[in-house]
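Residue numbers (my numbering): 85 to 231.
First up is the structure itself, then whatever we jot down about it.
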């Protein structure tokens, strides 16, 4: 049975987040694009209605805010993969930090603005990575926007 989240500021469950991403991916596959590389406001309204059918109470604003958080996490991982020389990323072990040299490099990266969000991924992946890759890819293709 679903755990209902009903008030602003409550933690999103993984199930709830998966439903949000599924709905946004479906919306994007229909070719509906908002400004830049984001779904339009109506997509978040539709996601809110969809979540209600799954037993979750979230507003359009909460759905939009969660998308922003997911995009920021996705960007943090992309930046780590792209700009940190000699590093590792996979969705099972994350950065997979092993050894003193890797630890120093990772800790140094965490002190940067771009790197501070990587801390949870020192030795584990991100559950939503594949769906975010799909959502961002669909958005890029449909709107012709850079990732």
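Note that beta-carbon positions come from the ideal geometry of N, C-alpha and C, so glycine has one too.
*Can you tell me which of 128, 105, 130, 196 puts its alpha carbon nearest to the alpha carbon of residue 218?*
Closest by alpha carbon: 105.
_Let me check understanding here. Comparing Cα to Cα, which of 163, 210, 221 lies closest to residue 193?_
Among 163, 210, 221, the Cα nearest to that of residue 193 is on 163.
*To the nearest angstrom, how far is it from the Cα of residue 228 to the Cα of residue 184?*
Bear in mind that a pLDDT of 45 at residue 228, under 50, signals an unreliable position, so the model cannot answer this.
*asked:* What does the Cβ neighbour count give for residue 168, buried or exposed, with the cut at 16 atoms within 10 Å?
replied: Buried is the call here.
*Scan the region 133-177 and note each continuous alpha helix (DSSP H) run of 4 residues or more that stays entirely inside, going in chain order.*
Listed in chain order, they are 144-167.
*Given a cut-off of 8 Å, decide if residue 177 and residue 207 are closer than it, judged by their beta-carbon atoms.*
Their beta carbons are under 8 Å apart, which means residue 207 touches residue 177 by this criterion.
*State whether the region 144-153 contacts the region 191-205, with contact taken as three or more CB pairs (one from each stretch) at a distance under 8 Å.*
In short, these stretches do not touch, since the Cβ pair count stays below three.
*Rounded to whole angstroms, what's the CA-CA distance from residue 159 to residue 96? Just pull it up for me.*
When the Cα atoms are used, residue 159 and residue 96 turn out to be separated by approximately 20 Å.
_Assigned secondary structure, residue 198 (DSSP; H/G/I helix, E/B strand, else coil)_ = Under the three-state reduction of DSSP, residue 198 is assigned to coil, being neither helix nor strand.
_Suppose you measure from the CA of residue 199 to the CA of residue 132; what does that come to, to the nearest Å?_
If you take the alpha carbons of residue 199 and residue 132, they lie about 31 Å apart.
_residue 103 to residue 215 span [Cα, whole Å]_ = Pairing residue 103 with residue 215, the inter-Cα distance amounts to about 11 Å.
*When you compare only the Cα positions, how much space is there between residue 144 and residue 110?*
Between the alpha carbons of residue 144 and residue 110 lies a gap of roughly 17 Å.
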